[in-house]
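Trainee:
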Amino acid sequence: KRLVVLVSGSGTNLQALLNAIATQGRTVYGAEIVAVGADRDGIEGLARAERAGLPTFVCRVKDYATRDEWDSALTEATAAYEPDLVVSAGFMKIVGKEFLARFGGRFVNTHPALLPSFPGAHGVRDALAYGVKVTGCTVHFVDDGVDTGPIIAQGVVEVRDEDYEDEGAALHERIKDVERRLLVDVVGRLARHGYRIEGRKVVIP
Ligand code: GRF
Numbered sequence: 044k045r046l047v048v049l050v051s052g053s054g055t056n057l058q059a060l061l062n063a064i065a066t067q068g069r070t071v072y073g074a075e076i077v078a079v080g081a082d083r084d085g086i087e088g089l090a091r092a093e094r095a096g097l098p099t100f101v102c103r104v105k106d107y108a109t110r111d112e113w114d115s116a117l118t119e120a121t122a123a124y125e126p127d128l129v130v131s132a133g134f135m136k137i138v139g140k141e142f143l144a145r146f147g148g149r150f151v152n153t154h155p156a157l158l159p160s161f162p163g164a165h166g167v168r169d170a171l172a173y174g175v176k177v178t179g180c181t182v183h184f185v186d187d188g189v190d191t192g193p194i195i196a197q198g199v200v201e202v203r204d205e206d207y208e209d210e211g212a213a214l215h216e217r218i219k220d221v222e223r224r225l226l227v228d229v230v231g232r233l234a235r236h237g238y239r240i241e242g243r244k245v246v247i248p
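Quick note: the sequence shown uses UniProt numbering, first residue 44, plus one each step.
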């Protein structure tokens, strides 16, 4: 299966996927990353892709007159690589109608909270502010809402008293440890076994 991965930041989830494919091999893992896209330049995620010898593309919202034009550009740039599956690994933009029309049902996102709790761009901070005792991460299919698509897998992370001292930085790192393992496992299973989405259920035979 051909994967395109979308990033906006450090790209450690991307790196986890790259490492899994490098150690297991494309056929065993069931997938290969064919390109990496981003919404901004100069991020470590793109540097990781370049170090792995992968093609990259950048679609910046400010380069387009309208959000829809950005959405179209992102769709075309992604479609050029003919992906079977698109993975948002820390991609911090909400895609539009055209992207979902093209890739809906084969577009996966990872979120650093236990959805449906704490969707959006500040899941770790919001969970901490709420005072939860456990939080975690969710890998889900992207639908036309924000972090509302069918859930594929979740991982739980305990919140510690000291997490309130650094605005959740250490907590997010602990979540990312679980998240990277979860994403690698889920993407590999989706790629190897295929899947069906039945309402809110995801069936991986
Ligand atoms: C991940 O925790 C992701 O869920 C969140 O941002 C983080 C991205 O980390 N949206 P990285 O860029 O993969 O290191």
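Backbone N, C-alpha and C define an ideal beta-carbon position, used for all residues, glycine too.
Everything numeric in this text was worked out from a predicted model, so none of it was measured.
1. Output yes or no for whether 7 angstroms exceeds the beta carbon distance between LYS136 and ASP82.
2. Tell me whether the beta-carbon of PRO193 lies closer than 7 angstroms to the beta-carbon of VAL245.
3. Report yes or no: do the region 56-69 and the region 111-119 share at least 3 C-beta pairs separated by less than 8 angstroms?
4. Is GLU210 helix, strand or coil by DSSP?
5. Applying the criterion that 16 or more other CB atoms from any shown protein chain within 10 Å of the CB defines a buried residue, is ILE218 buried or exposed?
6. Pick helix, strand or coil for HIS236, following the three-state DSSP scheme.
7. With DSSP as the reference, label GLY198 as helix, strand or coil.
8. Taking only runs that begin and end inside the region 101-183, name each unbroken beta strand (DSSP E) of 3 or more residues, in chain order.
9. By a C-beta neighbour count over all protein chains shown, 10 Å radius and 16 as the cutoff for buried, is residue 251 buried or exposed?
10. So, under 8 angstroms CB-CB, GLU201 and VAL177 are touching, yes? Tell me the CB distance rounded to an integer number of Å.
11. Would the region 126-141 and the region 46-58 be scored as touching if the rule is three or more Cβ pairs under 8 angstroms?
12. Give me the residue from ALA123, GLY147 and GLY211 with the minimum Cα distance to ALA78.
13. Could you check if GLY179 belongs to the surroundings of the ligand GRF, using beta carbon to heavy atom distance under 6 angstroms?
14. Would you please state the rounded distance, in angstroms, between the beta carbons of TYR107 and ALA116? I believe it to be under 8 angstroms.
15. Note down, in chain order, each residue of its chain lying with its Cβ closer than 8 angstroms to the Cβ of residue 249, except the 5 sequence neighbours on either side.
16. Quick check on LEU46: does DSSP put it in helix, strand or coil?
Mentor: Taking the coordinates as given:
1. yes
2. yes
3. no
4. coil
5. buried
6. helix
7. strand
8. 128-131 and 150-154
9. The structure shown does not extend to residue 251, since the chain is modelled only from 44 through 248, so no value can be given for it.
10. 6 angstroms
11. yes
12. ALA123
13. no
14. 6 angstroms
15. One cannot answer for residue 249 here, as it falls past the ends of the chain, which runs 44 to 248.
16. strand
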